[in-house]
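Trainee:
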Amino acid sequence: MTLRLHDTATRALRPLEPLQPGRVGVYTCGPTVQARPHVGHLRSAIALDVLHRWLLASGYEVVFVRNVTDVDDKIIHDAAHGDEPWWALATRMERAFTQAYDAVQCLPPTVTPRVTGSIPSITALIERIIDRGHAYASGGDVYLAVRTAEGYGALSGQDPDALRASEKAVAHGHTGEKRDPLDFALWKAAKEGEPSWPSPWGPGRPGWHIECSAMAVDVLGEEFDLHAGGLDLVFPHHENEVAQSRCAGHPFARHWLHHGLVTVAGGGGEKMSKSLGNSTTVEDVLRQVRPQVLRYALGAGHYRSQLEWSPATLGDAEAAYGRIETFVRNATEATRGVQPGESQASWADFAAALDDDLGVPQALAAVHTGVRAGNALLDAGDLPRLAATLADVRRMLAVLALDPVEQWPAGASDLTAVVDALVAIAVEARADARARKDWERADAVRDRLKASGIVLEDTPTGVRWRLS
RNA sequence: GGCCGGGUGGCCGAGUGGCUUAGGCAAGGGCCUGCAAAGCCCUGUACGCGGGUUCGAUUCCCGCCCCGGCCUCCA
457 MTLRLHDTAT RALRPLEPLQ PGRVGVYTCG PTVQARPHVG HLRSAIALDV
507 LHRWLLASGY EVVFVRNVTD VDDKIIHDAA HGDEPWWALA TRMERAFTQA
557 YDAVQCLPPT VTPRVTGSIP SITALIERII DRGHAYASGG DVYLAVRTAE
607 GYGALSGQDP DALRASEKAV AHGHTGEKRD PLDFALWKAA KEGEPSWPSP
657 WGPGRPGWHI ECSAMAVDVL GEEFDLHAGG LDLVFPHHEN EVAQSRCAGH
707 PFARHWLHHG LVTVAGGGGE KMSKSLGNST TVEDVLRQVR PQVLRYALGA
757 GHYRSQLEWS PATLGDAEAA YGRIETFVRN ATEATRGVQP GESQASWADF
807 AAALDDDLGV PQALAAVHTG VRAGNALLDA GDLPRLAATL ADVRRMLAVL
857 ALDPVEQWPA GASDLTAVVD ALVAIAVEAR ADARARKDWE RADAVRDRLK
907 ASGIVLEDTP TGVRWRLS
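Heads up, the first sequence is in our numbering, so the first residue is 457 and it goes up one at a time.
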């Protein structure tokens with residue numbers, strides 16, 4: 457089995473063929489740490505985390521790079537209007553992103569390069585591009601001469617002449633003179649009061665796109681396996697990354713993967729973004745639901761699909777994930793100490809689904825098939841085969857970071873044992889009443905527990921309780 | 001205006017030139033239960049509109065309508 461992934465450059469499914477067998481290098485464009493993360497950012501991280509985990513599960517050694525853009529126009533602007541230095545804002549927000557990623561169990565990247573830590577690589581790369589005749593300095597800025605970049609527009613399907621005709625394509629905020637409106641800044645001369653670093657062209661800071669080219673090549677080399685990011689980055693960001701990297705003589709990424717965006721129901725259905733003022737922060741959501749439910753809500757669809765965020769989204773996820781959790785909990789209790797018996801077939805379907813462009817929805821169908829089969833075995837009391845099914849289901853869930861046992865254990869303040877003991881007293885009282893066929897009294901006990909949020913379930917092997 | 005992607009049963013959400021036509025939620029029926037809860041079984045016959053290709057299209061082609069992304073910072 458080989459993993460096939462959609463490649464933006466060819467608009468087709470292509471097998472992932474690593475440069476070095478057994479090792480995959482992935483570069484993904486991380487956040488600009490300007491504001492708190494919203495659920496769209498997390499959707500991105502979760503989609504790529506499934507890729508990361510599936511590569512690991514498939515036996516690859518993975519170098520997963522996710523950069524942090526910690527200096528840019530907006531950070532400088534916001535910090536200037538607030539009461540803290542730009543680097544303090546960036547650090548504070550980077551921490552918020554890290555917390556959000558951790559909360560939903562995204563594996564940490566192998567390395568997290570930052571723009572402010574990569575200035576020498578960036579200036580060296582720009583010099584190389586200038587030396588090769590594809591960039592020029594002007595008024596302290598340096599621009600890439602887009603017309604000298606062979607194949608410009610191929611990744612995103614843009615026609616340079618058509619772009620030229622579109623006034624919008626002209627980048628803003630430059631101080632030097634461009635030779636062509638399509639040219640974009642590799643280096644921006646410092647304006648009054650802005651952070652800057654020394655360079656051969658005077659004090660300044662990197663343009664938006666060059667950082668990623670420099671950091672990717674720093675870690676992964678001049679040619680690497682996969683570059684990923686949101687669909688909104690295809691143009692101009694990724695197109696420009698390709699252009700400047702090729703102008704530097706680097707083959708760059710062999711495969712391009714882009715995930716769909718989160719849109720907002722109601723308000724016109726447009727993309728969730730900070731600048732449109734329609735974003736829901738991760739913090740807000742995690743006050744409403746458990747992180748595993750948010751992970752399910754953002755990760756259950758296909759990564760290339762658009763995900764519409766609506767008031768129903770979290771409720772739907774709670775219900776769907778709840779079914780899985782219920783099975784894992786019930787089966788775990790029932791099979792405690794039982795050796796797994798005959799193995800089930802779900803894993804093969806699951807693996808085939810993920811190998812086919814990370815088909816998470818179909819992979820989840822395999823999980824649910826396992827859950828249904830497992831519930832039937834639970835009813836039948838076939839514990840050895842139930843144990844095998846449970847192991848299978850949990851193995852699948854682990855790849856999606858949705859295993860209720862391993863990945864989302866109860867916290868340190870867990871009072872399960874205490875409640876267990878207390879509920880036992882009530883259950884005994886109810887059992888006495890039931891033995892006398894005093895249904896009224898028995899139901900009263902159950903109703904009182906329910907009012908406190910504890911649901912009792914009678915099973916062939918005894919009474920179990922759960923929080924409603 | 002240019003370049004992409006999409007419109008699937010009550011809802012979410014896969015997928016395919018015909019075959020048992022995912023999965024979840026919700027709904028109805030049944031089983032289990034003292035009653036519940038949880039679970040299992042069964043049921044619904046959907047693919048925006050109009051043409052075309054085809055023995056046959058939801059799936060391919062053309063046109064139209066609608067929605068989203070990019071062309072400006074953006075996951």
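Cβ coordinates follow ideal geometry from the N, Cα and C atoms, glycine included. Computed from a predicted structure; not experimentally measured.
Rounded C-beta distance between residue 522 and residue 471? I'm assuming under 8 Å.
Mentor: Residue 522 to residue 471, Cβ: 24 Å. No contact.
Trainee: Find the nearest neighbour of residue 686 within the set 742, 497, 708, 558, judged by alpha-carbon distance.
Mentor: Taking only the C-alpha atoms, the option nearest residue 686 is 497.
Trainee: Hey, residue 632 and residue 597: beta-carbon distance below 8 Å or not?
Mentor: The answer is yes: Cβ separation under 8 Å.
Trainee: Please classify residue 502 as buried or exposed, where buried requires at least 16 other C-beta atoms within 10 Å of its C-beta.
Mentor: Buried, because 16 or more other Cβ atoms sit within 10 Å of the Cβ of residue 502.
Trainee: So what does DSSP say about residue 652, is it helix, strand or coil?
Mentor: Coil.
Trainee: Who pairs with residue 919 in a beta bridge, going by DSSP?
Mentor: Paired residues: 914.
Trainee: Buried or exposed: which applies to residue 769, given that a residue is buried once 16 or more other Cβ atoms fall within 10 Å of its Cβ?
Mentor: When all chains shown are included, residue 769 counts as buried.
Trainee: How about residue 849 and residue 875: are their beta carbons less than 8 Å apart?
Mentor: For residue 849 and residue 875, no; Cβs fall outside 8 Å.
Trainee: Counting Cβ pairs closer than 8 Å, one from the segment 665 to 685 and one from the segment 698 to 709, do we hit at least three?
Mentor: The segment 665 to 685, when compared against the segment 698 to 709, does touch it at the 8 Å Cβ threshold.
Trainee: Less than 8 Å separating the beta-carbons of residue 814 and residue 506?
Mentor: Yes. Within cutoff.
Trainee: If you scan the segment 740 to 816 from start to end, which runs of the alpha helix (DSSP H) of 4 or more residues do you find wholly inside it?
Mentor: If we require 4 residues or more, the alpha helix (DSSP H) runs fully inside the segment 740 to 816 come out as 747 to 755, 769 to 791, 802 to 811.
Trainee: Residue 582 and residue 676: beta carbons closer than 8 Å?
Mentor: Contact flag unset, no.
Trainee: Between 699, 571, 889, which has its C-alpha nearest residue 486's C-alpha?
Mentor: The option with the nearest alpha carbon to residue 486 is 571.
Trainee: Alpha carbon to alpha carbon, how far is residue 719 from residue 767? Give it in angstroms, no decimals.
Mentor: Straight-line Cα distance between these residues: approximately 12 Å.
Trainee: Excluding five sequence neighbours on each side, which residues of the same chain lie with their C-beta closer than 6 Å to the C-beta of residue 909?
Mentor: Cβ within range, chain order: 923, 924.
Trainee: Residue 764 to residue 717, Cα distance in whole Å?
Mentor: Cα-Cα distance, rounded: 9 Å.
Trainee: Could you check how far apart the C-beta atoms of residue 532 and residue 667 are, in whole angstroms? I think they sit under 8 Å.
Mentor: The pair is not a contact, with the Cβ atoms about 15 Å apart (cut-off 8 Å).
Trainee: Using the beta-carbon count (16 or more within 10 Å), is residue 845 buried or exposed?
Mentor: The residue in question, residue 845, is buried, as its Cβ has 16 or more Cβ neighbours within 10 Å.
Trainee: Please determine, among 536, 561, 697, 483, the residue with the shortest C-alpha to C-alpha distance to residue 669.
Mentor: The option with the nearest alpha carbon to residue 669 is 697.
Trainee: Apply the 10 Å Cβ neighbour rule to residue 602 and answer buried if 16 or more other Cβ atoms are within range, or exposed otherwise.
Mentor: It counts as buried.
Trainee: Where does residue 473 land, buried or exposed, given buried means 16+ other C-beta within 10 angstroms?
Mentor: Flag for residue 473 reads exposed.
Trainee: Would you check if the distance between the CB atom of residue 605 and the CB atom of residue 699 is smaller than 8 Å?
Mentor: Cβ atoms of residue 605 and residue 699: closer than 8 Å.
Trainee: As a quick exercise: from 903, 459, 551, 550, pick the residue whose alpha carbon is nearest that of residue 516.
Mentor: The shortest Cα separation from residue 516 among 903, 459, 551, 550 belongs to 459.
Trainee: Looking at the unbroken beta strand (DSSP E) that takes in residue 488, where does it start and where does it end?
Mentor: Element bounds for residue 488: n/a, residue is neither H nor E.
Trainee: Straight-line CA distance for residue 819 to residue 809?
Mentor: One C-alpha to the other measures close to 5 Å.
Trainee: Could you spell out where the beta strand (DSSP E) holding residue 719 opens and where it closes?
Mentor: Looking at the DSSP string, the run of the beta strand (DSSP E) that includes residue 719 is 718 to 720.
Trainee: Tell me, please, which residues DSSP counts as bridged to residue 481.
Mentor: Per DSSP, 519.
Trainee: Does the distance from the CB of residue 773 to the CB of residue 738 come in under 8 Å?
Mentor: Contact: no.
Trainee: Would you grab the beta carbon distance between residue 789 and residue 920 for me? Rounded to a whole angstrom, and I think it's under 8 Å.
Mentor: That belief holds up - the Cβ atoms of residue 789 and residue 920 are roughly 7 Å apart, short of 8 Å.
Trainee: Quick one: is residue 865 buried, meaning 16 or more other Cβ sit within 10 Å of its Cβ, or exposed?
Mentor: Answer is exposed; the Cβ neighbour count stays below 16.
Trainee: For residue 651 versus residue 527, is the C-beta distance shorter than 8 Å?
Mentor: Cβ atoms of residue 651 and residue 527: closer than 8 Å.
Trainee: Excluding the 5 residues flanking residue 560 on each side, which residues of the same chain have their C-beta closer than 7 Å to its C-beta?
Mentor: Closer than 7 Å at Cβ, skipping near neighbours: 498, 502, 747, 750, 751.
Trainee: Are the beta-carbon atoms of residue 634 and residue 608 separated by less than 8 Å?
Mentor: No; because the gap between Cβ atoms is not below 8 Å, this pair is not in contact.
Trainee: Among 665, 703, 674, 702, which one has its Cα closest to the Cα of residue 693?
Mentor: Of the listed residues, the one whose Cα sits closest to residue 693 is 665.
Trainee: According to DSSP, residue 565 sits in a beta bridge with which residue or residues?
Mentor: Looking at the DSSP assignment, residue 565 forms no beta bridge with any residue, so it has no partner.
Trainee: My output table needs one value for residue 891: the three-state DSSP class, helix, strand or coil.
Mentor: Correct three-state label for residue 891: helix.
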